[in-house]
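A.B. asks: Dropping a structure here in structure tokens format, bear with me for questions.
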Amino acid sequence: MNDSFAYRYFSAALFRPVKDFLVQFGISKDQNLNKRFASKTIADDPKVGVRIEFGTLAFAGSGRDSRSTQLFIALTNDAWPGLGKEPWETPFGYISSAAMNRVFSRLNTNYGKRSVHCS
9 MNDSFAYRYF SAALFRPVKD FLVQFGISKD QNLNKRFASK TIADDPKVGV
59 RIEFGTLAFA GSGRDSRSTQ LFIALTNDAW PGLGKEPWET PFGYISSAAM
109 NRVFSRLNTN YGKRSVHCS
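Under our numbering, think of the first position of the sequence shown as 9, with each following residue one higher.
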């Protein structure tokens with residue numbers, strides 16, 4: 009399993025938790041695995057008009073067809089006015105409210121940094 013794409017998520021830490029915004033994950037502790045997937049990207053999905061809200065799971069990206077292994081989870085219903093408007097931010101899943109409240113409400117967001125630029 010160590011060389012699989014799924015292994016990346018079983019060994020990935022959460023990072024950049026920002027209060028009332030999001031938390032990201034998808035960078036493996038296995039540097040060889042990171043190198044293997046560094047240049048692989050996923051094409052954008054067509055926009056389907058799904059709103060990003062508390063518990064939404066989506067790929068993080070930085071431009072057209074830029075998605076790779078990093079994902080984000082929205083920590084609020086109003087994460088950022090522009091979040092979800094780009095094709096690389098199409099939601100593909102939700103985490104239940106119970107799980108969000110049990111696990112993600114405990115994140116320490118004191119060190120988060122809001123370093124995104126949404127239009």
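Idealized CB from N, CA, C, for every residue including glycine.
Helix, strand or coil: which one does DSSP assign to Phe100?
C.D. replies: Here Phe100 sits in strand by DSSP.
A.B. asks: Does the segment 86 to 105 come into contact with the segment 51 to 65, if we say contact requires no fewer than three beta-carbon pairs (one atom in each stretch) closer than 8 Å?
C.D. replies: Result yes; three or more Cβ-Cβ pairs closer than 8 Å.
A.B. asks: Pull up the distance between the alpha-carbon of Thr117 and that of Phe67, whole angstroms please.
C.D. replies: Thr117 and Phe67: Cα-Cα distance of roughly 20 Å.
A.B. asks: For the alpha helix (DSSP H) containing Leu41, name the first residue and the last one.
C.D. replies: Residues 39 to 45.
A.B. asks: Between Leu22 and Ile103, what straight-line distance do the alpha-carbon atoms span, to the nearest angstrom?
C.D. replies: If I take the Cα positions, the gap works out to 15 Å.
A.B. asks: Under a CB-based cut-off of 8 Å, is Ser113 close to chain D?
C.D. replies: Absent from the structure: chain D. Only one protein chain is present.
A.B. asks: Assuming Phe112 and Val58 are in contact, meaning their beta carbons sit under 8 Å apart, how far apart are those beta carbons, in whole angstroms?
C.D. replies: So it is not a contact: roughly 19 Å between Cβ atoms.
A.B. asks: Would you grab the beta carbon distance between Phe33 and Leu79 for me? Rounded to a whole angstrom, and I think it's under 8 Å.
C.D. replies: Confirmed, Cβ separation roughly 6 Å.
A.B. asks: Select from Lys37, Leu65, Gly90 the residue whose C-alpha is nearest the C-alpha of Ser105.
C.D. replies: Comparing Cα positions, the closest option is Leu65.
A.B. asks: Have a look at Glu61, Ser70, Gly92 and flag the residue whose alpha-carbon is nearest the alpha-carbon of Asn85.
C.D. replies: Ranking Glu61, Ser70, Gly92 by Cα distance to Asn85 puts Glu61 first.
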